[in-house]
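Asks: If you scroll down you'll find the structure; I have some questions about it.
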Amino acid sequence: MISTNPLAMLRARLGDRLARLVDYRVGELTRGRLDEHAERITEQEHCTVDHRRRLDALESGLDKVRGDLLWTTGEVQRLIPHVAAQEAQLEDLRERIALTPPGDDKQAAEARTLIEEIQRQHAQIRVRLSGIARYEDRLRALEERAAETARD
0 MISTNPLAML RARLGDRLAR LVDYRVGELT RGRLDEHAER ITEQEHCTVD HRRRLDALES
60 GLDKVRGDLL WTTGEVQRLI PHVAAQEAQL EDLRERIALT PPGDDKQAAE ARTLIEEIQR
120 QHAQIRVRLS GIARYEDRLR ALEERAAETA RD
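In terms of numbering that gives the first Met the number 0, the sequence shown opens at residue 0 and continues consecutively.
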């Protein structure tokens, strides 16, 4: 309802004029700044969309990994008793191997004598092989000299 009071009409006009003036000044002061922010807001929206897409992909990958982890946990739980049984069998075998065969001092002395004889024969073989190596070296040197003499 429009008032017919001239004072009220003047007040309404002044209020409208003041509002337009304030709006103009605020708009003028923020015009350049808001444009920069609008571009930045648009860029942030694009980044947010990309982040949401990547987050969705990661969540689906995480769901797959959780499923794999559950399967692996089940398999490990299933294999634990088998591994424990294998370890028990290995320990039994270690105990059997660790046992020394029964023997008396006579057998031990015989074994020592046999080991000493084998060591002595090995030493003799090493001496013979080193002699053969020296002989082959001398023979090679003589052959080289004979070859040089034949060339001259």
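The beta carbon of each residue, even a glycine, is placed where N, CA and C say it ideally should be. Since the structure is predicted, the reported quantities are computational estimates derived from the model, not experimental observations.
1) Taking only three categories from DSSP, how would you classify R113?
2) So what's D22 in DSSP terms, helix, strand or just coil?
3) In whole angstroms, what separates the C-alpha of A56 from that of C46?
Replies: Per the coordinate set shown:
1) In the sequence as displayed, the identity of residue 113 is Leu instead of Arg. Three-state result, L113: helix.
2) D22 falls in the helix class under three-state DSSP.
3) Going by the C-alpha atoms only, they are around 15 Å apart.
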